[in-house]
Amino acid sequence: MAALLYDDAVDFEDFFPSMVTRLGAEGFISELCNGFRLLMDAEKGLITFESLKRNSLLLGLNDMMDDEIVCMLSEGDLDGDGALSQMEFCILMVRLSPGLMDGSPDQWVMEDFYM
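Under the working numbering, the first residue of the sequence shown carries the number 4, and numbering increases by one thereafter.
Below you can see the structure in the form of structure tokens.
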């Protein structure tokens, strides 16, 4: 997803559906996993507060406040450990994509995780 600025308002354009069409389900999941690895703490194998704060510049979020980082993590933190595993990150990214969530849900995402 990419942020586009219009008159001081932020509008998000959802590129995930076109990525799935172009890359296929397996390629799309692979790209999500690459994004996870880019943001994760290499020692812990998780996206932590510290790793997300450190890598927020890569996301174009250099003005992010600490409470905003905490909110981002808590949005996807399914097990309550304060960090995001690869599975939690990928689920969050799919959940936040309105284009992927429109229509009837497909099982491709979960099937690719367990292959």
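Note that beta-carbon positions come from the ideal geometry of N, C-alpha and C, so glycine has one too.
> With 16 as the cutoff for other CB atoms within 10 Å, does Thr51 come out buried or exposed?
Replying inline: Buried.
> Whose CA, out of Ile94, Arg98 and Ser100, lies closest to the CA of Cys36?
Replying inline: Nearest C-alpha to Cys36: Ile94.
>> Let me confirm a value: Gly30 is counted as buried when at least 16 other C-beta atoms fall within 10 Å, else exposed. Which label applies?
In response: Exposed.
>> I'd like to confirm the pairing. Which residues does DSSP put opposite Ile50 in its beta bridges?
In response: Leu87.
> If you draw a straight line from the C-alpha of Arg40 to the C-alpha of Met68, how long is it?
Replying inline: Taking the straight line from one Cα to the other gives about 22 Å.
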